[in-house]
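Q: After the structure tokens below, expect a handful of questions from me.
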Amino acid sequence: MSSTSALTSGGCLCGAVSFEIRGSLRGVVACHCSQCRRTHGHFAAYTQCRTDELEFTEDRGLKWYVSSDKAKRGFCHDCGASLFWQLAGASEISVSAGSLNQPCGLKLVGHIYCEDIADYYTLSDELPKYPGSSKGAFRKDQARLPADK
């Protein structure tokens, strides 16, 4: 699927934040770090796109929280939905997979920060697992399910 033909939309629970992504998306990566657990209430599941491919169709509820010296998180200040994560100065932005309108055609491709997994669950799939960051191991190739699935 070429980046010009792909269109994915999504938003928060209350509608105060909505967006469209025109371009390719990376497969979904589950992050088990303590910040994602506290922000999402469990682990986080993010896809990723280029920032210039993300367009807000509604942003009246969008707020940003600088969660570390390296990254910020975008959320809806009305309904509390956690929507985005972005490294400072990065040309890509991570988008919460749960905020995408369905069907999105994405699949889970791996896990990061597995050394921080909470003690109430375990991972039983065969996907790649990294103790910390994947350091770019997950890329946009093979991100969407084939059209017949």
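Using the numbering used here, the letters of the sequence shown correspond one by one to residues -1 to 147. Don't be surprised by glycine CBs; every beta carbon is placed ideally from N, CA and C.
1) Over what stretch of residues does the alpha helix (DSSP H) that includes residue 36 continue unbroken?
2) Alpha carbon to alpha carbon, how far is residue 53 from residue 59? Give it in angstroms, no decimals.
3) Quick check: what's the CA-CA separation for residue 64 versus residue 83?
4) Could you check which residue in 134, 38, 34, 107 has the C-alpha nearest to that of residue 90?
5) If you follow the beta strand (DSSP E) that residue 6 is part of, which residue opens it and which one closes it?
6) Which residues bound the beta strand (DSSP E) around residue 70?
A: Let me spell this out:
1) One-based indexing of the sequence shown puts residue 36 at position 38. It spans 32 to 38 - the alpha helix (DSSP H) in which residue 36 sits, taken as one unbroken run.
2) As a working note, residue 59 is residue 61 in the sequence shown. As a working note, residue 53 is residue 55 in the sequence shown. Cα to Cα, the separation comes out at about 15 Å.
3) Along the sequence shown, read from residue 1 onward, the residue named residue 64 stands at position 66. Along the sequence shown, read from residue 1 onward, the residue named residue 83 stands at position 85. In a straight line, the C-alpha of residue 64 is about 10 Å away from that of residue 83.
4) The residue you call residue 90 lines up with position 92 of the sequence shown. Out of 134, 38, 34, 107, 134 has the C-alpha closest to the C-alpha of residue 90.
5) Your numbering for residue 6 matches position 8 in the sequence shown. Here the beta strand (DSSP E) through residue 6 covers 5 to 9.
6) For the purposes of this step, residue 70 is identified with residue 72 of the sequence shown, where counting begins at 1. Run containing residue 70: 69 to 74, per the beta strand (DSSP E) assignment.
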